[in-house]
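Step one of this worksheet: look at the structure below.
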Amino acid sequence: MNKEFIFFSKKVYKCNKCARLVNFRNKITLKKRKSYLDQVYWGKPISGFGDLNGKIIIIGLAPAAHGATRTGRVFTGDKSADFLFNCLFKSGLSNQPNSDHIKDGLKLKNTFITLALRCVPPEDKPTKEELKNCSVFFKKELNMLKNKKVIVALGKIAFDACIKFYKENYGLTGSYKFGHGSKYNINGLTIFGCYHPSPRNVNTKRINATKMTHLFKKAKKLI
Numbered sequence: 340m341n342k343e344f345i346f347f348s349k350k351v352y353k354c355n356k357c358a359r360l361v362n363f364r365n366k367i368t369l370k371k372r373k374s375y376l377d378q379v380y381w382g383k384p385i386s387g388f389g390d391l392n393g394k395i396i397i398i399g400l401a402p403a404a405h406g407a408t409r410t411g412r413v414f415t416g417d418k419s420a421d422f423l424f425n426c427l428f429k430s431g432l433s434n435q436p437n438s439d440h441i442k443d444g445l446k447l448k449n450t451f452i453t454l455a456l457r458c459v460p461p462e463d464k465p466t467k468e469e470l471k472n473c474s475v476f477f478k479k480e481l482n483m484l485k486n487k488k489v490i491v492a493l494g495k496i497a498f499d500a501c502i503k504f505y506k507e508n509y510g511l512t513g514s515y516k517f518g519h520g521s522k523y524n525i526n527g528l529t530i531f532g533c534y535h536p537s538p539r540n541v542n543t544k545r546i547n548a549t550k551m552t553h554l555f556k557k558a559k560k561l562i
């Protein structure tokens, strides 16, 4: 693995800057979900995962309480992960349709997945200050991904974090509206908005496998 990324990840894992997030993360790690009482939770912030030379970057909101916060890998071990990786596999962007644990053999193809926020927020609602604190890691990680051509932002918060990154660091101006399938050409790459694969969005049929797979295939054609 890239030495720069290893060093970066170690800094992420040690972060305790946001007291509210640290307290919530620690509470989850100690209390656990009943079905995972026999497991040792990761209980630290989360770094990105995938192909560091990838041309497609997928950005989520934050680690799931009993997914990445438990397993230590983004979009791993929860229902959102099940849905997402089923779609990635159908799109030819992963070697398997499941993401269960860090030793499951999962590999992403020309794709890297990361997060706007490194710790799980209460009720999935981060504060502006928390997002600002985490933007340091977000900026560093995106700048390490030198080959990026397409960004797929899962949900409005991830989309807004991405737009803010380009406004603050690359002089981007104007207004950019989030929506599923929204598409913008920014700074030499393409940014797509995509509804988040949360159980709520899936159960209410706001997003389905056909919609998400179609969007990933569109992204793939651009690289």
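Residue numbering for the sequence shown is 340 to 562, as defined by this note's numbering. C-beta atoms are modelled at their ideal positions from N, C-alpha and C, and glycine is treated no differently. Computed from a predicted model, the values in this text were never measured in an experiment.
Closest in alpha carbon position to Phe517, among Leu493, Ile397 and Ile395, is Leu493.
For Ile395, the enclosing beta strand (DSSP E) covers residues Ile395 to Gly399.
Annotation for Leu561: Lys488, Val489 and Thr529 place their beta carbon closer than 8 Å to its own, counting only its chain and skipping 5 residues before and after. In the DSSP annotation of this structure, the continuous segment of the beta strand (DSSP E) that includes Lys522 starts and ends at Lys522 to Ile525. Cβ neighbours of Ser348 within its own chain (closer than 7 Å, five residues either side excluded): Ser386.
About 5 Å separates the Cβ atoms of Val413 and Ile452, confirming a contact at the 8 Å cut-off. Taking C-beta atoms under 8 Å as the contact rule, Ser433 and Ser537 fail to qualify, at a distance of about 19 Å. One Cα belongs to Ala403, the other to Gly527, and the distance between them is close to 31 Å. According to the DSSP assignment, Leu528 belongs to the beta strand (DSSP E) that extends over Leu528 to Cys533. Taking C-beta separations shorter than 7 Å and ignoring five residues to either side along the sequence, the partners of Glu343 in its chain run Met483, following chain order.
Here Lys478 is not near Phe498, since their CB atoms are 9 Å or more apart. Beta-bridge partners assigned by DSSP to Thr453: Ile398. For the options Tyr380, Gly393, Ile398 and Ile397, the alpha carbon positioned closest to that of Gly416 is the one of Tyr380. Taking the C-beta atoms as reference points, Lys429 is found nearer than 9 Å to Thr552.
Around the beta carbon of Ala358, a 10 Å sphere encloses fewer than 16 other beta carbons of the protein chains shown; the residue is thus reported as exposed.
Annotation: the region 460 to 517 contains the following complete segments of the alpha helix (DSSP H) (minimum length 4 residues), in chain order: 467 to 483 and 495 to 509.
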